Amino acid sequence: MSGPLVNRRIVFSGLGALGVAAALAGCAGSDSGDDGASAEVDAGAELASTSEIPVGGGLILTAEKIVITQPVEGTFRAFTAVCTHQSLTVTSVADGKILCANHGSSYSADSGEVEGGPAPSALSKVEIDVSGDKILAA
Ligand code: FES
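Under my numbering, the first residue of the sequence shown carries the number 104, and numbering increases by one thereafter.
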């Protein structure tokens with residue numbers, strides 16, 4: 104049940120889903136030991152409903168470390184919510200950008216590419232399926 108959600112990232116075998124929750128509690132620290140991978144989510148798991156994702160905005164799932172966006176109406180994208188700068192969780196989505204207020208990085212809510220700030224690389228894409236009004240892990 105593991106695998107495809109963590110795209111082009113090192114799968115971090117020492118930190119399972121429970122460890123991620125613990126790591127989040129300490130996310131203000133600069134050395135969380137987190138390598139930036141999203142938590143692994145079983146394929147088919149319901150992540151959100153489409154009504155929770157505003158057009159131009161998004162929803163940050165802090166436990167799963169996934170950010171889901173809707174850059175244009177009816178188009179949903181998902182990325183790791185772990186900023187590529189210092190592996191803190193991104194903080195908001197607005198006006199088509201995923202923002203990390205920790206140090207001011209911003210990313211495209213459509214592609215995950217860096218648009219500003221110190222982030223060195225894009226957010227990795229997370230595969231999702233939209234089924235009716237549900238957004239599922241793919
Ligand atoms: S951790 Fe996101 S900008 Fe520094």
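By construction, the Cβ of each residue, glycine as well, lies at the ideal position given by its N, Cα and C atoms. Keep in mind it's a predicted model, so treat the numbers as computed, not measured.
Query                                                                                                   : Result
Classification of K168 by the beta-carbon crowding that lies within 10 angstroms, buried from 16 upward : buried
Q173: CB within 8 Å of a non-hydrogen atom of the ligand FES                                            : no
Beta-carbon proximity of G215 to I231, cut-off 9 Å                                                      : no
Three-state class that DSSP yields for E176 in the structure shown                                      : coil
Where E143 falls, given that 16 or more other Cβ within 10 Å makes a residue buried                     : buried
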